[in-house]
Amino acid sequence: MEVCCDLEVDVNGEETFMVDKKIIASYSGRLSKLFGKSKDSTRNLKVIFHDFPGGAESFELMSRFCYNNGKTQISPSNISLLHCAAQFMEMNNSVSATNNLLDQTEKSLEEISYWTWSELLVALKQCQDLLPVVNSSGVLQKCLDSLAGRLALASETSPCPSTSSPDSSGFRFSCDTKSTESLKTSLSRGTWWFEDLLILSPVLVEMVVKSMVARKIDHLMISRFLFYYQKSKFYAATSDEKRKVIETVIDMLYSLDGNSVSCKSLFGILRVSMTLNINKSSRNKLESMIGSQLDQAALDNLLVPSPHETNYLYDVNLVLRFLKAFLRGGICQASAMQLRKVSSLMDSYIAEVAPDPCLKPSKFRAIAIALPDSARDSYDGLYQAVDMYLEVHAGLSEEEKLKICCVLNYEKLSAEVCIHLSQNSKFPSKSAVQALISQQYKLKSLLHGTNNSKPYTDSPCTSSADVSSMGKQDEATDQVVLYAGKLDVLSDNEELKAHLQGMQWRVIELEKVCRKMQTQMAKIVKSRISRHGCTRSLPRLCS
1 MEVCCDLEVD VNGEETFMVD KKIIASYSGR LSKLFGKSKD STRNLKVIFH
51 DFPGGAESFE LMSRFCYNNG KTQISPSNIS LLHCAAQFME MNNSVSATNN
101 LLDQTEKSLE EISYWTWSEL LVALKQCQDL LPVVNSSGVL QKCLDSLAGR
151 LALASETSPC PSTSSPDSSG FRFSCDTKST ESLKTSLSRG TWWFEDLLIL
201 SPVLVEMVVK SMVARKIDHL MISRFLFYYQ KSKFYAATSD EKRKVIETVI
251 DMLYSLDGNS VSCKSLFGIL RVSMTLNINK SSRNKLESMI GSQLDQAALD
301 NLLVPSPHET NYLYDVNLVL RFLKAFLRGG ICQASAMQLR KVSSLMDSYI
351 AEVAPDPCLK PSKFRAIAIA LPDSARDSYD GLYQAVDMYL EVHAGLSEEE
401 KLKICCVLNY EKLSAEVCIH LSQNSKFPSK SAVQALISQQ YKLKSLLHGT
451 NNSKPYTDSP CTSSADVSSM GKQDEATDQV VLYAGKLDVL SDNEELKAHL
501 QGMQWRVIEL EKVCRKMQTQ MAKIVKSRIS RHGCTRSLPR LCS
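Mapping the sequence shown onto my numbering, position 121 (from 1) lands on 121, and the numbers just tick up by one.
Right, here's the structure in full:
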């Protein structure tokens, strides 16, 4: 057959081919339709392709198929190129019913289960270079399905990782290992494929992970791979490449079960991402994941330096977002233990940021009231932070100080802290009075509760000393109320201090009385029960 070079083909500006127009057109529906519109079929033509999939290499493979009477060697290393070229050139049944390239590549794909592991990776790497065209060809999806299927089978059968890429059969389901290597084998078992998948781009890794999730592969194993991928890829990557990697890793971790991702690892990702300017969506996902596990965080994790545009020492806004994410999970879903852990962590964090002279009162107050009151059993820790903040920010107005003190629940302050507060000159006088009055109400409630819990007051077992103590209790209560009434109308500072000191001593005395009465009541109840126990008759067992 006479061959002439009457067609010049420019492929993506990479290379120019001189080919026989008639031969190429006999297999390509695209060129056949193009030449059919040409009026002059004798003169030489030039075709320019700007988006030929696979470039010059792919066009050359396709041309050899045409020149070889519709025959070529199809292998995992070229199947993606040939399949995409066949689709682009419309080399299907409409041109040749028997020797069309598209059918041949699809038949070869049906044997993908017989490919070795290395052959599958080569095919995937080639698909990666053909994105996004290969995405619609079907080749990529079949490769992804095969990869995920093999990894799912490997996780079930625990393949021996003596070689990271078992080329001979795709997987090794058994092997002989020496006892001295058993520990190494057990550690690497299940993770032998991590290194192999480092050849994949972030876009393809995302597709692989989605296929693995669909196959219900262990999420813990997937998260371990993602962290390994991120660390390994960072060694020789540019800043832009690092950003793409970290965004992909965050997005994929977000799709996994939260229990499969450790809080410590997430903070590691956070530290890395801070300098990469990742997109807002990925940042929100990362903060949401950390917030949902805030009860597992440590104080050092939260001490993140503030962004350059702010004057704060630490990034308080970031911690506020963590708290919002934690609370978004629902207070009802969070256990009492989780709430206590987070409140304790927040008290430590607030105490750490309180000495920051640039921290505004509104920001301090926001972080202090972020958690609901039910999260704290005691406000003693928060009081220490407020004390420190008022000491550093001594120039605050009385009104600003009162707003800061409003974060405290005085009813949940211990007696010792209340006494300390009443003597603390950094706190407004109103706060000191409010703290002591709250203690008065607590003592009144305690004494009233003790009074109501005396079921045997009129019993002969009650001694005259007990009655005398109870009389003292009523007298003490009246005196506390009297002090509280006086404090409400005091305005002179010196007189206020004198009355506060008197009330402090009264609080101490009342605490002693309460403890003594509780001890006496316990003895009375125990004595009464023991007497009743001795006189109770035994049940009649027989007549």
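Heads up, the beta-carbon is just placed ideally off N, CA and C, and yes, glycines get one too.
- Message: Give me the DSSP bridge partner(s) of Ile48.
- Response: Asp10
- Task: Please state whether DSSP places Val261 in a helix, a strand or coil.
- Result: coil
- Say whether the stretch 377-392 touches the stretch 346-361, bearing in mind that this needs 3 or more beta-carbon pairs closer than 8 Å, one atom from each stretch. yes
- Three-state secondary structure (DSSP) at Val544? Lying outside 1 to 543, the shown extent of the chain, residue 544 is not represented and no answer is given.
- Message: Can you find the residues in the same chain that come closer than 7 Å, C-beta to C-beta, to Asp373, ignoring five residues on each side of it along the sequence?
- Response: Asn409
- Task: Using three-state DSSP, classify Tyr27 as helix, strand or coil.
- Result: coil
- Message: In whole angstroms, give me the CA-to-CA distance for Ser260 and Lys401.
- Response: 45 Å
- Could you give the DSSP three-state label for Pro361: helix, strand or coil? helix
- Item | DSSP beta-bridge partners of Asp305 | Residue identity differs from the one stated: residue 305 is Pro in this sequence, not Asp. According to DSSP, Pro305 bridges with Tyr314.
- Item | Integer Cβ distance of Leu294 from Phe326, believed to fall under 8 Å | 4 Å
- Query: At which residue ranges does the stretch 182-245 contain complete alpha helix (DSSP H) runs of 4 or more residues, listed in the order of the chain?
  - Reply: 182-188, 202-214 and 219-233
- Using alpha carbons as the reference points, say which of Cys406, Pro361 and Asp347 lies closest to Ser378. Asp347
- Cα-Cα separation between Glu416 and His393, rounded to whole angstroms: 24 Å
- Which listed residue (Met62, Val316 and Lys231) has its alpha carbon closest to that of Ala366: Val316
- Query: DSSP state of Thr116, grouped into three classes?
  - Reply: coil
- How is Asp347 classed by DSSP in three states: helix, strand or coil? helix
- Query: Taking the alpha carbon of Ile369 as the point to measure from, which residue in Leu382, Arg340 and Val407 has its own alpha carbon closest?
  - Reply: Val407
- Helix, strand or coil for Gly268, going by three-state DSSP, please let me know. helix
- Query: DSSP state of Gly55, grouped into three classes?
  - Reply: helix
- Item | Rounded straight-line distance, which links the Cα of Asn99 to that of Ser265 | 54 Å
- Take the Cβ of Glu247 as the centre, count every other Cβ of all protein chains shown within 10 Å, and call the residue buried at 16 or more, exposed below. buried
- Message: Among the candidates Gly70, Ser201 and Leu226, whose CA atom is the shortest distance from the CA of Asn92?
- Response: Gly70
- Item | Beta-carbon separation (whole angstroms), Leu413 vs Asp380, contact threshold 8 Å | 6 Å
- Residues near Pro53 by beta carbon distance below 7 Å, same chain, minus five either side: Cys84, Ala85, Phe88, Leu130 and Val133
- Identity of the residue in Lys125, Gln104 and Leu144 nearest Ser113 by Cα: Leu144
- Task: Pull up the distance between the alpha-carbon of Leu109 and that of Ile74, whole angstroms please.
- Result: 10 Å
- Expressed to the nearest angstrom, what Euclidean distance is found between the alpha-carbon atoms of Asp300 and Leu345? 10 Å
- Query: What is the DSSP secondary structure of Thr105, reduced to helix, strand or coil?
  - Reply: helix
- Query: Closest to Leu286 by CA distance: which of Tyr312, Arg321, Ser201 and Ser80 is it?
  - Reply: Arg321
- Please classify Phe65: does DSSP put it in a helix, a strand, or coil? helix
- Query: Is Tyr254 helix, strand or coil by DSSP?
  - Reply: helix
- Item | Per-residue burial, Thr275 [other beta carbons within 10 Å of its own, 16 or more giving buried] | exposed
- Task: Tell me the start and end of each unbroken alpha helix (DSSP H) in the stretch 387-454 that is at least 4 residues and wholly inside, in chain order.
- Result: 398-405, 415-422 and 429-452
- Can you list, in chain order, the residues of its chain whose CB lies under 8 Å from that of Ser290, leaving out five sequence neighbours each side? Reading off the sequence shown, one finds Ile at residue 290, where the question assumed Ser. Hits under 8 Å: Cys263, Leu266, Phe267, Leu270, Ala297, Phe322 and Ala325.
- Task: Express the C-alpha separation of Leu256 and Ala152 in angstroms, rounding to a whole number.
- Result: 16 Å
- Task: Would you kindly work out how many angstroms separate the C-alpha atoms of Ala148 and Ser211, rounded to a whole number?
- Result: 6 Å
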